[in-house]
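Visitor: Provided herewith is a single structure, encoded as structure tokens, for subsequent inquiry.
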Amino acid sequence: MIMKFIIPNFWKSIVVIGCILYLSFAPPSEFKDIPTFENEDKLVHILMYFGLALILILDFNSALKKQSVKFIIFVLVCIIFPAILGGLIEIVQPLLFFPRTASWIDWFADIAGVLVAWGGMYLMKKTPELNSK
């Protein structure tokens, strides 16, 4: 029953999660030809989790637009879930996907991306000229 709700309403979020899992667990050698700069992986973490949180927020609002949902459910799905996902990935990487390593800073970058998406959506919702269109 719950899968009949989640898959059609959150398929975009599921695709983004799949991409994040692939990028997080693929061997680093798959990305050796990509030009890099110092700390580019932190920017990638911020962008990945910004994208995930943004898609979750949009999917959540679209799926439940006609229902009254408690704010705590929104926070759990759109903010806490991506933050925990990022932390779990950091824990699993060195255990199962050598030579991947864990990094607190990567997890903080994940959380920063989630918070930027949430803050941006909050500000957009509060801006009258954006809401009137």
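Position one of the sequence shown corresponds to residue 240 (the working numbering), numbered consecutively onward. For every residue, glycine included, the Cβ atom is placed at its ideal position computed from N, Cα and C. Everything numeric in this text was worked out from a predicted model, so none of it was measured.
State the start and end residues of the unbroken alpha helix (DSSP H) segment that holds residue 268.
Guide: Start at 1 with the first residue of the sequence shown, and residue 268 comes out as number 29. Run containing residue 268: none; DSSP gives neither H nor E here.
Visitor: Is it buried or exposed for residue 269, if we count other Cβ within 10 angstroms and need 16 for buried?
Guide: Sequence index remark: in the sequence shown, residue 269 carries index 30 (1-based). Residue 269 comes out exposed.
Visitor: If we call anything under 8 Å between Cβ atoms a contact, is residue 357 one with residue 302?
Guide: Locating residue 357 in the sequence shown gives position 118, counting from the first residue. Locating residue 302 in the sequence shown gives position 63, counting from the first residue. Cβ atoms of residue 357 and residue 302: not closer than 8 Å.
Visitor: Taking 8 Å as the cut-off, does the stretch 304-315 touch the stretch 243-250 (at least 3 CB pairs, one atom from each stretch)?
Guide: no
Visitor: Is the Cβ-Cβ distance between residue 332 and residue 263 less than 8 Å?
Guide: On the sequence shown, residue 332 is found 93 positions in, with the first residue counted as 1. On the sequence shown, residue 263 is found 24 positions in, with the first residue counted as 1. Yes, Cβ-Cβ distance for residue 332 and residue 263 is below 8 Å.
Visitor: Measuring CB to CB, does residue 344 end up less than 8 Å from residue 281?
Guide: Here residue 344 corresponds to residue number 105 of the sequence shown, with the count starting at 1. Here residue 281 corresponds to residue number 42 of the sequence shown, with the count starting at 1. In this structure, residue 281 lies closer than 8 Å to residue 344 by Cβ.
Visitor: Kindly indicate which residue of 309, 250, 256, 271 has the alpha-carbon position closest to the one of residue 349.
Guide: Position 110 of the sequence shown, counted from the first residue, corresponds to residue 349. That would be 256, whose Cα lies nearest to the Cα of residue 349.
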